[in-house]
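J.: In the numbering used here, the protein residues as written are 587 to 763.
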Ligand SMILES: Cc1cc2nc3c(=O)[nH]c(=O)nc-3n(C[C@H](O)[C@H](O)[C@H](O)COP(=O)(O)O)c2cc1C
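1. So if DSSP puts residue 648 in a beta bridge, which residue, or which two residues, is it bridged to?
2. Measure the Cβ-Cβ separation of residue 701 and residue 694 and say whether it is below 8 Å.
3. Taking only heavy atoms of ligand 1 into account, decide whether any of them is closer than 7 Å to the Cβ of residue 592.
4. Over the uninterrupted beta strand (DSSP E) stretch that includes residue 664, give me the two end residues.
5. Closer than 8 Å by C-beta to residue 684: which residues in its own chain qualify, once you throw out the five before and the five after it? Chain order, please.
6. In this structure, what does DSSP give as the bridge partners for residue 661?
7. Given a cut-off of 8 Å on the beta-carbon distance, is the pair residue 651 and residue 681 in contact?
8. On the CB-based measure, 16 or more other CB atoms within 10 Å of its CB, does residue 603 come out buried or exposed?
9. In angstroms, rounded to a whole number, what distance separates the CA positions of residue 707 and residue 644?
10. My understanding is that residue 664 touches residue 732, with C-beta atoms under 8 Å, so please give their C-beta distance in whole angstroms.
11. Can you tell me the Cα-Cα spacing of residue 739 and residue 745, whole angstroms?
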C-alpha cells in the first residue's frame, strides 16, 4: 500500500445496482495514496453499507449539507463519481444542485478540481439525446466522463482508478459547503 499523500478524494456514490461494491473503489484509491471521503446521494444510502464505508475511510459518509454549527468537511483534491446514474449525470451537466453530491460537483469544474465520472447506464439510457448531450457538455467543461460500465464487467472500478491516477499536484479552491 502507498503511504497516504494527505490528498483528499471525494468518492461520490449514486443509487445504482453497482453501489454495494464501491468499497473496492475506496480501497483501490487508498492504495494509490488518496484519503477518501465518501459522499452519497440520498438514493445511494439504500444501496451501500454506511458503517462499513465509515470504518474503511475513518470518516462519516456525507449525504446532506452540514448544519452551520457542524465542522467543515475536508477539501477535495479530486472527485470520482462512481457508480454515476443517468439521473445524476444529466443533472450535473445541467447545473442542478438539489443533492449534496450535486452541490459539491457543481463547483468542482470552476475550481479546477479534476472530476472522473464512471456511468452505470444501460444501452437504452445511454442512447438517449439528453444523456449524450450531458456527456458532451460535461466533457466540454473538463469533466472526464468514461464510457458506461458493462453489466458483466467484474472490475468496473479499475477504469476509474486508472483515469484518476495517484495524487499529484493540484490546485484546490475552497468549496467546502
Ligand atoms: C435496484 C436498483 C438498481 C438501479 N440501478 C441503476 C443503475 O445502474 N443506473 C441508473 O442510472 N439508475 C439505476 N437505478 C435508478 C436510480 O436509483 C434512480 O434513478 C435514482 O433516482 C437515482 O438517484 P441519484 O442519481 O440521486 O443517485 C436503480 C434503481 C434500483 C431500485
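Note that beta-carbon positions come from the ideal geometry of N, C-alpha and C, so glycine has one too.
Nothing here was measured: the structure is a model prediction, and the numbers come from that model.
T.: From the atom records:
1. 625
2. yes
3. no
4. 664-670
5. 677
6. Residue 661 is not bridged to any residue.
7. no
8. exposed
9. 30 Å
10. That pair is no contact at about 14 Å.
11. 11 Å
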